[in-house]
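Everything below concerns the one structure shown next.
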Amino acid sequence: MMRRIERQFAGRTLSIETGRMAKLSAGACLVQYGETMVLVTANAQNRPTHLPFFPLTVEYREKAYAAGKIPGGFFKREGRPGEKEILSCRAIDRPLRPLFPEGFMHETQVFASILSADQENDADVLALMGASVALNLSNIPFRTPVAAVRIGRIQGNWVLNPTFQQLEYSELDITVAGTHEAITMVEGGAVEVPEAVILEGLQVAHKGIQELIAMENELIEGHQPEIMNWTPQLPAEELKGRVEAEASARVAEAMAIGDKQERNRVLSEIRSQVVDILLEEDEEIPAGEVRELIRGVEKAAMRAQVLNTGVRSDGRDENTVRPISVEVGVLPRTHGSALFTRGQTQALAVATLGTSRDEQRIDSIDVPDEITKSFMLHYNFPPFCTGEAKPIRGTSRREIGHGNLAERAIQPLLPAYDEFPYTIRVVSDVLESNGSSSMATICGTSLALMSAGVPLKASVAGVAMGLITEGDKVAILTDILGVEDALGDMDFKIAGTREGVTSIQMDIKVSGLSTEIMQEALERAHKARIHILDIMDAAVPGPAEEMSQYAPRIVSIQVNPEKLGEIIGPKGKTIRAIQDETGAKIDIDDSGLVKIAAVSGEAGARAREMIEAIVKEPEVGRIYEGPVKNTTTFGAFIEILPGTEGLCHISELADGRVERTEDVLNKGDITRVKLLSIDERGRLKLSRKAALEEEAEQPAGAN
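FYI, the numbering for the sequence shown is 1270 to 1972, going by the working numbering.
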């Protein structure tokens, strides 16, 4: 049976409905906001898997037809998900995953299809709302409504779900997800916004989330089916007790080992020994289940150590940042490079400068035309950075998400393209990882760009905060380790400058965070960020004054757009000749902006001279020197500028009567002439006689 609810939300019509599309799915919801429409379905297998993790997959797919477009490329159909789609998948998955019941191991899929895009309203926040409704209306054991909003701030005013056009004027762009009780996920960027303003924005966003959840509850109430038959895939209590008896004391000692590799080695030995002991007692005990139980023991030991003693696995207290070292210019042939190390986390960031030809072209349903991107940050997380050997399966969703987080942190500090007309690509290769490699990437990227001579407005740094809670005990951890991320309750990443936040990401595994905890985490993160920036600024006070000798130099010239055809020449002959002769790359914009890029300064200067000669406008009264292009009975045609010819009448060739033009000038001769006038049709009148007379009157040695 079809049901539909429609309300006004943030000044636009929002509707959610079910029972009209995808009726064979366990749950389905169609969400419309403005003229953007998203269909979200939820389905689960009827039997559990034996995987060691909850097998939830979230897909977010944009249809080109949604914006009245046909996909580019040879095949003319949608291919693998793009970056925006992958980031949206992550933003849906992260708030949903912790809300499934423990032990539910049935493979579950949430699929969001963007059916209509009005190029004003982003579909990603709508998709999470649709996923919540679809799951709550299905037989899947998920009964906690969740929603998301995007928050912007324009001229001091908070805006819920700003349009794409409004976001261009907003000082922040943050997606916030949560339940009626609390915020559970934060993802976004800002333009050096103070922490207090961020916290206020989160509170505004949560009120919007509560309004959306009330709308969901109205649709869901009284229409939820019975939950499917399922049995929690949890280990037997008896086996759990035996594992704890064998492992607890030894694991507690191992969790106090500060070095990650040594700690992992000892823990691996404990797992193997405990498995062997239990298998000797009972051969039918599943070894994999025992290892998972030991992981639970490790989690309890780590958390108890922090909450009871205030001392973390590596010996730090809650607020201390690990030792930091900074190196720049570590790679001789790159345009800029930096090696940033914090504890056992290390990132090698390398900056490359290119021209507009290197810009990334993006075909998006969110804008009418193809867009280009002149700053790219790519994050790589190879298996060796954690001391593992794994197959490489291409860029993971996690790598794309972490790269985007770091890119957002740097973007607001880049110079305007008109001031620094380079395409910039940074690659961060994580060489060691023991907690928050994305924040190390931000620090390394800032340093690499400074090393490359990019005039960043300020240095950028980031730090990850953690949380451990048991009853009334709460510990907020600064600069978390990998084990504190994996076994803790929160991963709260905050990056920015001394002035404010530029990028933020928060995921929690508990039911929600109080405002007081978020405020304290933001304040501690600010102190840690200033500490890191002090170290970075001491090592690299500012952008390098000289760019790498291997980096291109780009010079911009603004010319009359009507002259572009002359620069290009017939079938591109002229511009190719300039590039071949000088070795420079030349890019031309329809506005008349000509950009010349060359590694050699001499090559760039020569290309500029040649272009300026082509576009230079003839000046009446000035003397020019040029070749005779043709002779006639009435005079000679002389090229005074590249592509610009004028007529020197026979009467203006010399003082006195001239019988034949060829008596004075022949084709190919180089001569000096004075431009007497330009008529209304643009024809140039030249005089050799006037040039000779004027030069004869000049004193000896005059130019």
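Note that beta-carbon positions come from the ideal geometry of N, C-alpha and C, so glycine has one too.
For this session: Classify residue 1464 as buried or exposed, calling it buried when 16 or more other Cβ atoms lie within 10 Å of its own Cβ.
Result: Looking up residue 1464 in the sequence shown gives position 195. Answer is buried; the Cβ neighbour count reaches 16.
Exercise. Is the number of C-beta pairs between the segment 1719 to 1727 and the segment 1532 to 1540 that are closer than 8 Å three or more?
Worked result: In the pairwise beta carbon analysis, the segment 1719 to 1727 is classified as not touching the segment 1532 to 1540: fewer than three pairs are separated by under 8 Å.
Exercise. Between 1737, 1350, 1762, 1690, which lies nearest to residue 1709 when the distance is taken from Cα to Cα?
Worked result: To locate residue 1709, count along the sequence shown from 1; it is residue 440. When each option's Cα is compared against that of residue 1709, the closest is 1762.
For this session: Output yes or no for whether 8 Å exceeds the beta carbon distance between residue 1306 and residue 1289.
Result: In the sequence shown, counting from the first residue as 1, residue 1306 sits at position 37. In the sequence shown, counting from the first residue as 1, residue 1289 sits at position 20. No, Cβ-Cβ distance for residue 1306 and residue 1289 is not below 8 Å.
Exercise. For residue 1294 versus residue 1310, is the C-beta distance shorter than 8 Å?
Worked result: Working through the sequence shown from its first residue, we reach residue 1294 at position 25. Working through the sequence shown from its first residue, we reach residue 1310 at position 41. Yes, these two residues count as a Cβ contact at 8 Å.
For this session: Measure how close the beta-carbons of residue 1955 and residue 1943 come, nearest whole angstrom, since I'm counting them as under 8 Å.
Result: Stepping through the sequence shown from its first residue, residue 1955 is reached at position 686. Stepping through the sequence shown from its first residue, residue 1943 is reached at position 674. Rounded, the Cβ-Cβ distance is 7 Å, consistent with contact.
For this session: Decide yes or no for the touch test of the segment 1365 to 1380 against the segment 1345 to 1352: beta carbon pairs closer than 8 Å, at least 3 of them.
Result: no
Exercise. So which of 1712, 1700, 1728 has the shortest CA-CA distance to residue 1684?
Worked result: Here the question's residue 1684 lines up with position 415 in the sequence shown. For the residues 1712, 1700, 1728, the minimum Cα distance to residue 1684 belongs to 1728.
Exercise. Comparing alpha-carbon positions, which option in 1500, 1420, 1820, 1490 lies nearest residue 1468?
Worked result: One-based indexing of the sequence shown puts residue 1468 at position 199. For the residues 1500, 1420, 1820, 1490, the minimum Cα distance to residue 1468 belongs to 1420.
Exercise. According to DSSP, which residues form a beta bridge with residue 1312?
Worked result: On the sequence shown, position 43 is the one that residue 1312 refers to. 1378, per the DSSP bridge assignment.
For this session: Consult DSSP for residue 1302 and reduce its assignment to one of helix, strand or coil.
Result: What you label residue 1302 is simply residue 33 of the sequence shown in a count that begins at 1. The answer is strand: DSSP assigns residue 1302 an E or B state.
For this session: With a cut-off of 8 Å on the beta carbons, I'd call residue 1749 and residue 1734 a contact; round off their distance for me.
Result: Here residue 1749 refers to the residue found at position 480 when the sequence shown is read from its first residue. Here residue 1734 refers to the residue found at position 465 when the sequence shown is read from its first residue. With a Cβ gap of about 7 Å, residue 1749 and residue 1734 count as contacting.
For this session: Assign residue 1708 to one of three DSSP states: helix, strand, or coil.
Result: Within the sequence shown, residue 1708 is the residue found at index 439, counting from 1. Correct three-state label for residue 1708: helix.
Exercise. For the putative contact between residue 1393 and residue 1357, defined by C-beta atoms under 8 Å, what is the C-beta separation to the nearest angstrom?
Worked result: In the sequence shown, counting from the first residue as 1, residue 1393 sits at position 124. In the sequence shown, counting from the first residue as 1, residue 1357 sits at position 88. Indeed, because the Cβ distance is near 4 Å, the residues count as touching under 8 Å.
Problem set entry | Start-to-end residues for the beta strand (DSSP E) that takes in residue 1331 | Counted from its first residue, the sequence shown places residue 1331 at position 62. Element bounds for residue 1331: 1325 to 1331.
Problem set entry | Three-state secondary structure assigned by DSSP to residue 1317 | Taking the first residue of the sequence shown as position 1, residue 1317 is located at position 48. The answer is strand: DSSP assigns residue 1317 an E or B state.
For this session: Indicate whether the contact test is met: 3 or more Cβ pairs, each with one atom in the segment 1385 to 1403 and one in the segment 1413 to 1427, closer than 8 Å.
Result: yes
For this session: Could you tell me if residue 1796 is buried or exposed, where buried requires 16 or more neighbouring beta carbons within 10 angstroms of its beta carbon?
Result: Within the sequence shown, numbered from 1, the residue matching residue 1796 stands at position 527. Result: exposed.
Exercise. Taking the Cβ atom as the reference point for each residue, do residue 1747 and residue 1587 lie within a distance shorter than 8 Å?
Worked result: On the sequence shown, residue 1747 is found 478 positions in, with the first residue counted as 1. On the sequence shown, residue 1587 is found 318 positions in, with the first residue counted as 1. Yes; because the gap between Cβ atoms is below 8 Å, this pair is in contact.
Exercise. Considering only the beta carbon of each residue, do residue 1958 and residue 1922 sit closer than 8 Å?
Worked result: Numbered from 1 along the sequence shown, position 689 holds the residue referred to as residue 1958. Numbered from 1 along the sequence shown, position 653 holds the residue referred to as residue 1922. Cβ distance < 8 Å, so residue 1958 and residue 1922 count as in contact.
Problem set entry | Segments assigned beta strand (DSSP E), at least 3 residues, entirely inside the segment 1727 to 1792 | 1730 to 1739, 1742 to 1747, 1759 to 1765, 1770 to 1777
For this session: Classify residue 1811 as helix, strand or coil using the three-state DSSP reduction.
Result: Taking the sequence shown and counting its residues from 1, the one referred to as residue 1811 is at position 542. Residue 1811 falls in the coil class under three-state DSSP.
Problem set entry | Assigned secondary structure, residue 1975 (DSSP; H/G/I helix, E/B strand, else coil) | Absent from the model: residue 1975. The displayed extent of the chain is 1270 to 1972, so no value can be given.
Exercise. In its own chain, which residues sit with a C-beta less than 7 Å from the C-beta of residue 1828, not counting the 5 before and 5 after it?
Worked result: Looking up residue 1828 in the sequence shown gives position 559. 1861, 1863, 1884.
Exercise. How is residue 1386 classed by DSSP in three states: helix, strand or coil?
Worked result: Your numbering for residue 1386 matches position 117 in the sequence shown. Residue 1386: coil per DSSP, three-state reduction.
Exercise. What is the rounded straight-line gap between the Cα of residue 1386 and the Cα of residue 1475?
Worked result: One-based indexing of the sequence shown puts residue 1386 at position 117. One-based indexing of the sequence shown puts residue 1475 at position 206. Taking the straight line from one Cα to the other gives about 25 Å.
For this session: Give the single residue among 1549, 1493, 1602 whose Cα lies nearest to the Cα of residue 1868.
Result: As a position in the sequence shown, residue 1868 is number 599, starting the count at 1. Answer by Cα proximity: 1602.
Exercise. Using the rule of at least 16 other Cβ atoms within 10 Å of the residue's Cβ for burial, across every protein chain shown, is residue 1687 buried or exposed?
Worked result: Residue mapping note: residue 1687 aligns to position 418 of the sequence shown, counting from 1. Exposed, since its Cβ has fewer than 16 Cβ neighbours within 10 Å.
Exercise. To the nearest whole angstrom, what separates the beta carbons of residue 1697 and residue 1618, a pair I think is in contact under 8 Å?
Worked result: Taking the first residue of the sequence shown as position 1, residue 1697 is located at position 428. Taking the first residue of the sequence shown as position 1, residue 1618 is located at position 349. With 8 Å as the limit, residue 1697 and residue 1618 qualify as a contact, their Cβ atoms being about 5 Å apart.
Problem set entry | Given residue 1912 as reference, the closest of 1919, 1881, 1900 once Cα atoms are compared | For the purposes of this step, residue 1912 is taken as the residue at position 643 of the sequence shown. With distances taken between Cα atoms, residue 1912 lies closest to 1881.
Problem set entry | Contacting residues, own chain, Cβ-Cβ under 7 Å from residue 1637 (five flanking each side not counted) | Residue 1637 sits at position 368 when you count from the first residue of the sequence shown. For residue 1637, where only same-chain residues beyond five positions count, the Cβ hits under 7 Å are 1388.
Exercise. Which residue from 1519, 1919, 1800, 1924 puts its Cα closest to that of residue 1589?
Worked result: Here residue 1589 refers to the residue found at position 320 of the sequence shown. Ranking 1519, 1919, 1800, 1924 by Cα distance to residue 1589 puts 1800 first.
For this session: Check the C-beta distance from residue 1360 over to residue 1444 and give it rounded, since I have them as a contact under 8 Å.
Result: Here residue 1360 is taken as the residue at index 91 of the sequence shown, counted from 1. Here residue 1444 is taken as the residue at index 175 of the sequence shown, counted from 1. Confirmed, about 6 Å.
For this session: Below 8 Å on the Cβ atoms is my guess for residue 1341 versus residue 1771; work out the distance and round it to an integer in Å.
Result: The residue given as residue 1341 occupies position 72 in the sequence shown. The residue given as residue 1771 occupies position 502 in the sequence shown. The C-beta distance from residue 1341 to residue 1771 rounds to 32 Å, too long to fall under 8 Å, and the pair is not in contact.
For this session: Would you list, in sequence order, the uninterrupted beta strand (DSSP E) runs of no fewer than 3 residues that lie entirely inside the segment 1609 to 1665?
Result: 1614 to 1623, 1629 to 1631, 1640 to 1642, 1644 to 1649
For this session: Determine the extent of the beta strand (DSSP E) in which residue 1454 is found, giving its start and end residues.
Result: Position 185 of the sequence shown, counted from the first residue, corresponds to residue 1454. Unbroken beta strand (DSSP E) run through residue 1454: 1452 to 1462.
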